[in-house]
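Peer 1:
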Ligand code: UDX
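Numbering (the working numbering), first residue to last: 6 to 447.
(1) Is the separation between the beta-carbon of residue 124 and that of residue 239 shorter than 7 angstroms?
(2) Quick one: what's got a C-beta closer than 7 angstroms to residue 199's C-beta in the same chain, skipping five residues either side?
(3) From what residue to what residue does the alpha helix (DSSP H) around residue 315 run?
(4) Would you check if the distance between the CB atom of residue 154 and the CB atom of residue 121 is smaller than 7 angstroms?
(5) For residue 308 versus residue 346, is the C-beta spacing smaller than 7 angstroms?
(6) Taking 6 angstroms as the cut-off, is the CB of residue 163 close to at least one heavy atom of ligand 1?
(7) To the nearest angstrom, how far is it from the Cα of residue 176 to the Cα of residue 127?
(8) With distances taken Cα to Cα, identify the nearest neighbour of residue 383 among 195, 399 and 410.
(9) Using the three-state DSSP reduction, which class does residue 179 fall into: helix, strand or coil?
(10) Say yes only if the C-beta of residue 267 is nearer than 6 angstroms to one or more non-hydrogen atoms of ligand 1, and no if none qualify.
(11) Here's the rule I'm using: 16 or more other beta-carbon atoms within 10 Å means buried, otherwise exposed. How should residue 317 be labelled?
(12) One question on the structure: do residue 170 and residue 19 come within less than 7 angstroms of each other, judged by their Cβ atoms?
(13) With distances taken between CB atoms, is the gap from residue 330 to residue 244 smaller than 7 angstroms?
(14) Are the beta-carbon atoms of residue 399 and residue 423 separated by less than 7 angstroms?
(15) How big is the Cα-Cα spacing for residue 115 and residue 103?
(16) Report yes if the CB atom of residue 85 is closer than 7 angstroms to the CB atom of residue 9, and no otherwise.
(17) Measuring CB atoms only, is the segment 287 to 303 touching the segment 357 to 369, in the sense that at least three cross pairs come out at less than 8 angstroms?
(18) CB-CB under 6 angstroms to residue 266, same chain, minus the five flanking residues each way: which ones, in chain order?
(19) Going along the chain, which residues of its own chain have a beta-carbon closer than 6 angstroms to the beta-carbon of residue 31, five neighbours each way excluded?
(20) Is residue 214 helix, strand or coil by DSSP?
(21) Straight-line CA distance for residue 252 to residue 260?
(22) How far does the beta strand (DSSP E) with residue 417 in it extend, from its first residue to its last?
(23) Can you tell which of 337, 209 and 94 has its C-alpha closest to the C-alpha of residue 363?
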């Protein structure tokens with residue numbers, strides 16, 4: 006089988022590499038010449054554990070190719086995945102210009118049957134628009150070519166994307182023909198060894214599934230964050246409440262960790278997009294609007310705690326920040342809570358010194374010299390007034406509290422991810438602010 010993947014962003018590159026890894030011949034296509042040149046040499050533009058090694062090995066085995074020519078990649082392809090970006094418009098809806106441009110290009114060059122699959126997260130109805138754009142171009146050429154469209158949303162998590170692709174919980178595919186269904190079934194067969202299903206459905210339902218999945222997950226987080234804030238007020242501990250509710254199989258213990266708010270490239274964008282879709286169709290998604298509002302509020306909760314401890318004038322104070330990425334195992338800072346905290350602290354007159362195991366380069370690109378950067382977690386504590394933990398990287402979990410105590414001016418820790426045992430922090434003489442637990446002082 007031969008496939009092409011258009012768009013070498015996160016989803017495209019991971020999907021293409023994993024398909025190649027099970028023996029499928031894959032060409033990844035992008036209009037960015039520099040990116041393609043680098044990829045041919047095995048230089049990858051994103052941080053994802055395991056990806057670089059896998060790209061190298063599949064290039065060497067001669068089944069992973071990179072090209073700037075969509076036309077050439079169509080020559081022998083059975084399936085084309087469209088995995089280009091769908092950035093949010095000013096009004097929050099997904100901008101389809103890249104997806105539809107790829108569709109037009111396919112229509113201009115297609116000369117045998119293939120299945121054209123949308124893999125980017127796209128609004129309901131996009132596959133239909135893709136089909137229309139391709140048909141339009143084929144008609145202009147005055148020829149007849151049979152093709153099918155399908156929708157195959159991606160559920161990859163950054164930092165765990167390879168495992169998620171190789172061992173998916175499920176594959177969702179929206180199709181409108183048996184021929185396309187057979188082709189997609191064959192393509193995904195190597196990934197369905199662990200008994201997890203491939204679920205076929207109509208195309209709008211597949212498109213909707215992606216939005217519903219991300220919206221449900223975002224809802225779980227905002228629900229827990231809202232509960233956490235109430236826990237603080239009434240003297241309960243959200244970590245106990247989480248265990249208490251999570252052991253009910255109907256609720257489940259995953260994805261119910263209170264924190265400093267969700268970020269990343271998917272949840273904020275998709276929640277906005279689905280609210281917009283509803284809006285355009287005359288329906289108000291009250292629950293998701295609240296999910297978004299709770300999340301925006303949650304990103305400010307750490308700063309409220311800082312004000313509670315130090316007041317609102319933070320002039321000349323220095324805060325040490327552990328973590329910059331929106332979650333561990335990624336250098337992605339899109340919509341990261343750290344950005345909100347940094348901005349607010351600076352507004353209040355403070356300085357920020359930050360350390361992140363992998364996101365420092367990305368932070369420098371976004372923030373420049375607005376903040377200082379440290380060489381390691383302890384380096385940023387020198388002369389700092391307090392420590393703020395915002396991303397739960399493993400290396401922050403068992404710190405040397407004695408060294409922290411020596412370096413910090415004030416013995417205060419703000420923990421935005423509840424990674425410490427309050428008793429241990431208090432024993433070491435620190436004041437401890439966390440999420441969903443009242444402030445604690447030694
Ligand atoms: C998400 C979806 O999980 C994935 O299926 C989809 O394809 C893309 O969007 P990702 O953005 O990589 O993946 O991150 P994820 O691991 O889901 O975390 C999202 C955010 O939620 C992070 O900011 C994380 O810190 C936060 N989170 C997650 C919590 O605050 N609490 C939790 O219990 C879980």
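Ideal Cβ positions, reconstructed from N, Cα and C, are used throughout, including at glycine.
Peer 2: Reading off the structure:
(1) no
(2) 172
(3) 306 to 315
(4) yes
(5) yes
(6) yes
(7) 17 angstroms
(8) 410
(9) strand
(10) yes
(11) exposed
(12) yes
(13) no
(14) no
(15) 18 angstroms
(16) yes
(17) no
(18) 300, 303, 304 and 342
(19) 8, 21, 24, 25 and 69
(20) helix
(21) 13 angstroms
(22) 417 to 420
(23) 337
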